[in-house]
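**Student:**
Protein chains in written order, with the numbering used here: chain A, 792 to 1377; chain B, 239 to 471.
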């Protein structure tokens, strides 16, 4: 021990001081250890803190990124879902566009908000937008309040306004609704109108699906309708030509899938432009095809004959009925012209005889005809997903003999052309009535339908309808190769408030289906008050104005809808042709 | 002594801490930078989508049904094709083929089956309806054997339908099918085999006649046989 002390550098130190120094060292060492431990703890705390901070940051970034992605998704979704046709052609889309706003605060200061005089600016604006009214614009500019001058401005127009050099004229980008096809199918699609809660749909699908189109979760995905824009275009085009040719006040048309009730095209002319909702507040918005009820006349005769065949009242088509006018309950039932002494059922349809149809209906009885009409949905509003659904004028109570007879040839019961379309679909598709729809029908979930006629009756009616086009009043609808079958109807319009029929005002209708050997589509064309013109050989009846429209329309839409013309194929009517003497009628 | 030993160690810890802090800060900056980049890209995507939407909508509006109708009325005058313009089958299409005019070069016929398949499809030997025994074709017995004429038995069918004969210089070449020919007016090309005679002129011929390949499939073997027989007599 002693020999160690010199190495510590204190050889002569007594034992006590040595003990004290050792204690001192021990103390120092303990304190150092404590200090080190505390520092270590601080360092560990520091590390843990930073580690936690880093993790927190990473976590925050993770959640933040999710929120960011969500925001972007919302930014990319349109404010209102798109509406397309069955092939994805956009019919209505949300579209950010410029509006024109007058903001008097833009220049600041207390002087005039405009650089030029309000008169000059108003004149320049009216030059750029000819539909603006000078006085109205001037009043808005002079009022000195922030107002919208115009809801939609095209980029070129915006440039022209910019060139005026007025800072108070601003172009805020606002979500707008744009209908690229213009007035095409305007009655089906509808338009938007601004109210306190924003833009909302008026009429048509825009109104029906307003909530769905605005739904945040689903507005990114477009709504597909059953319409085909090409068929719709062709229908409107041919209908417009027919209206122009006959100086009619308007017209309507439907192309309906006979098997599942899909509406391929639905037109009501004259139409309106949904891009200008400010101009849409007029009677053009009224849908003649699904909202206006008409006595559709002779187009109802096939329903009567089918009901009679179905009920076993007409079993032999060769049986002849007298075709001389007769009186019932004070009314004379007569034909448009003398059709000879007697007619059988096929001839009665071909020549469109009221007298024979009324006799058949009388044999059938009012109750059965009424039941058939109810089964065809003629007593309720038409089934379609828009609000424009006309209520039929349905004869109340039990039908008298006279009512039964008049209804049998399409008078005394007013329905919409859409009723007629769904009825004809049931007539030709094997006898099943299905509601019309504006949405695509999944082939696996076609509505079962309601049986109105037996399949055999439907087959017979297909033959008869084809005969009417081959030999009868529908000749001008006989598009080569498309095996069109159908029935004309020219009904006088009843005067206002149930007054007498107006002899000079007709509703000319042609209800058709094609191809008759396996009907796929029903086509209804209706003209409101057509006039006899050079184009229609001076005639006003459906055979001369509505039937030719179908004859021109079917070759245009057939191939698009998957029906190719074939001159070597037709429905077999050879068992009926011996019963028919050719001729014309209405 | 202990202090001097511990000081560098704690300095080391502090340095490690500082480095960690610096790294976290750098990371945070980088993340922020990236995020703003993502934002910018998103904004660019939205802008481009809106531009696409705008252009698409403009296109749709300019090519709307009404506009197309207006153009058609003024410019094009297209009408819906009539029933006569639709064909049911290739047979109906083949009925439109023009018969060969006199003096026209022999059409290039391209076989659709390979040689083995053609050989397998060879006509069965003609059998006498009375005796049930095979009979010699009359033609074969009537005509003297000619080594210039190709054999007429069924096994040579592939050779015959795969042969092009040029009238002018009487050259012949074998053609190899490139692909089966089903619809006859479809343009077909044929490659001459290297071993064929008269390669050069045949190529010129091929160049001239590829567009005239027509469809008289039903009478093809008969005509070929007839043409082949002509110069041989």
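Where a beta carbon is used, it is the ideal one built from N, C-alpha and C, also for glycine.
Is any beta-carbon of chain B found at less than 8 Å from that of residue 834 (chain A)?
**Tutor:** Yes, contact with chain B.
**Student:** Can you give me the start and stop residues for the alpha helix (DSSP H) that residue 965 (chain A) sits inside?
**Tutor:** No alpha helix (DSSP H) contains residue 965 (chain A), which is instead part of the beta strand (DSSP E) from 964-969.
**Student:** Buried or exposed: where does residue 1318 (chain A) fall if 16 or more other Cβ atoms within 10 Å of its Cβ makes it buried?
**Tutor:** That one is buried.
**Student:** At which residues does the alpha helix (DSSP H) containing residue 1125 (chain A) begin and terminate?
**Tutor:** Premise fails: residue 1125 (chain A) is in no alpha helix (DSSP H) and is neither H nor E.
**Student:** Check for me: the alpha helix (DSSP H) holding residue 336 (chain B) runs from which residue to which?
**Tutor:** First-last for residue 336 (chain B): undefined, no H or E at that position.
**Student:** So with CB distances below 7 Å, who are the chain A contacts of residue 307 (chain B)?
**Tutor:** By Cβ distance, chain A contributes 1024 and 1028.
**Student:** Can you round the beta-carbon distance between residue 1143 (chain A) and residue 1279 (chain A) to whole angstroms, since I take them to be within the 8 Å contact cut?
**Tutor:** Rounded, the Cβ-Cβ distance is 7 Å, consistent with contact.
**Student:** According to DSSP, residue 991 (chain A) sits in a beta bridge with which residue or residues?
**Tutor:** DSSP, once it has assigned bridges, lists A:984 as partnering residue 991 (chain A).
**Student:** Taking only the alpha-carbon atoms, compute the straight-line gap between residue 256 (chain B) and residue 268 (chain B) and give it to the nearest angstrom.
**Tutor:** Answer to the nearest angstrom: the Cα atoms are 18 Å apart.
**Student:** Where does residue 1362 (chain A) fall in DSSP's three states?
**Tutor:** DSSP places residue 1362 (chain A) in coil when its eight states are reduced to three.
**Student:** Could I get the ranges of all uninterrupted beta strand (DSSP E) runs contained in the segment 1007-1057 of chain A, with 3 residues as the minimum, in chain order?
**Tutor:** As far as the segment 1007-1057 of chain A is concerned, its whole beta strand (DSSP E) runs of at least 3 residues are 1041-1048.
**Student:** Only counting the same chain, and skipping five residues up and downstream in sequence, which positions put a Cβ closer than 7 Å to that of residue 280 (chain B)?
**Tutor:** No residues qualify anywhere along the chain.
**Student:** Buried or exposed: residue 1103 (chain A), going by 16 or more other Cβ atoms within 10 Å of its Cβ?
**Tutor:** So residue 1103 (chain A) counts as exposed.
**Student:** Between residue 1043 (chain A) and the rest of its own chain, which residues show a CB-CB distance below 6 Å, the 5 nearest in sequence each way excluded?
**Tutor:** 1059, 1079, 1080, 1208 and 1317.
**Student:** So residue 913 (chain A) and residue 928 (chain A) are in contact, right, with Cβ under 8 Å, and what is the actual spacing, rounded?
**Tutor:** With 8 Å as the limit, residue 913 (chain A) and residue 928 (chain A) qualify as a contact, their Cβ atoms being about 4 Å apart.
**Student:** Per DSSP, which one or two residues make a beta bridge with residue 1270 (chain A)?
**Tutor:** Answer is none; residue 1270 (chain A) lacks a bridge partner.
**Student:** Nearest-angstrom Cα distance between residue 1199 (chain A) and residue 1082 (chain A)?
**Tutor:** For residue 1199 (chain A) and residue 1082 (chain A), the distance between alpha carbons rounds to 22 Å.
**Student:** Measure the C-alpha to C-alpha separation of residue 1243 (chain A) and residue 1253 (chain A) and round it to an integer number of angstroms.
**Tutor:** About 15 Å.
**Student:** Nearest to residue 889 (chain A) by CA position, among A:911, A:953, A:833 and A:868, is which residue?
**Tutor:** If we check each option's Cα against that of residue 889 (chain A), A:953 comes out closest.
**Student:** Which same chain residues end up closer than 6 Å to residue 1353 (chain A) when comparing Cβ atoms and leaving out the 5 residues on each side of it in sequence?
**Tutor:** Nothing listed; no residue qualifies.
**Student:** Should the segment 284-304 of chain B be called in touch with the segment 964-978 of chain A, which here means at least 3 C-beta pairs below 8 Å?
**Tutor:** Yes: at least three Cβ pairs fall under 8 Å.
**Student:** If you check the beta carbons only, do residue 1117 (chain A) and residue 1096 (chain A) fall under 8 Å apart?
**Tutor:** Against a cut-off of 8 Å, the Cβ pair of residue 1096 (chain A) and residue 1117 (chain A) comes out as no contact.
**Student:** If you measure from the CB of residue 1245 (chain A), is any heavy atom of the ligand MG nearer than 7 Å?
**Tutor:** Among the components modelled here there is no ligand, and therefore nothing to report on the ligand MG.
**Student:** So residue 1195 (chain A) packs on residue 1153 (chain A), CB below 8 Å; how close in whole Å?
**Tutor:** Confirmed, about 7 Å.
**Student:** Run through the segment 1224-1270 of chain A for me and flag every whole alpha helix (DSSP H) of 4 or more residues, listed as ranges in chain order.
**Tutor:** Here the runs fully enclosed are 1246-1262.
**Student:** So who's on the other strand from residue 1111 (chain A), going by DSSP bridges?
**Tutor:** Per DSSP, A:1135.
**Student:** Specify the secondary structure class of residue 1277 (chain A) as computed by DSSP and reduced to three states.
**Tutor:** Reduced to three states, the DSSP call for residue 1277 (chain A) is strand.
**Student:** Quick one: which chain B residues come within Cβ less than 8 Å of residue 948 (chain A)?
**Tutor:** Near residue 948 (chain A) there are no residues of chain B at all, since even the closest Cβ is about 14 Å away, more than 8 Å.
**Student:** Tell me, which residues are paired with residue 1300 (chain A) by DSSP?
**Tutor:** Beta-bridge pairing links residue 1300 (chain A) to A:1280 and A:1317.
**Student:** Relative to the alpha-carbon of residue 287 (chain B), which residue among A:877, A:878, A:814 and A:885 has its alpha-carbon at the smallest distance?
**Tutor:** The shortest C-alpha separation from residue 287 (chain B) is found at A:885.
**Student:** I'd like to know whether the C-beta atoms of residue 877 (chain A) and residue 1017 (chain A) end up nearer to each other than 8 Å.
**Tutor:** A contact, by the Cβ cut-off of 8 Å.
**Student:** Nearest-angstrom Cα distance between residue 423 (chain B) and residue 336 (chain B)?
**Tutor:** Residue confidence is low: residue 423 (chain B) scores 38 on pLDDT, short of 50, so the model does not pin down where it sits. Its coordinate-derived value is still stated next. Cα to Cα, the separation comes out at about 11 Å.
**Student:** Under 8 Å between C-beta atoms, does residue 821 (chain A) make it to chain B?
**Tutor:** It does not; no Cβ of chain B falls within 8 Å.
**Student:** Report the rounded CA-to-CA distance for residue 1166 (chain A) versus residue 1223 (chain A), giving the unit in angstroms.
**Tutor:** Cα to Cα, the separation comes out at about 10 Å.
**Student:** Using alpha carbons as the reference points, say which of A:1297, A:1057, A:1337 and A:1275 lies closest to residue 1311 (chain A).
**Tutor:** Nearest of A:1297, A:1057, A:1337 and A:1275 to residue 1311 (chain A), Cα basis: A:1275.
**Student:** I want to know whether the segment 958-968 of chain A touches the segment 891-910 of chain A - three or more CB-CB distances under 8 Å.
**Tutor:** The segment 958-968 of chain A, when compared against the segment 891-910 of chain A, does touch it at the 8 Å Cβ threshold.
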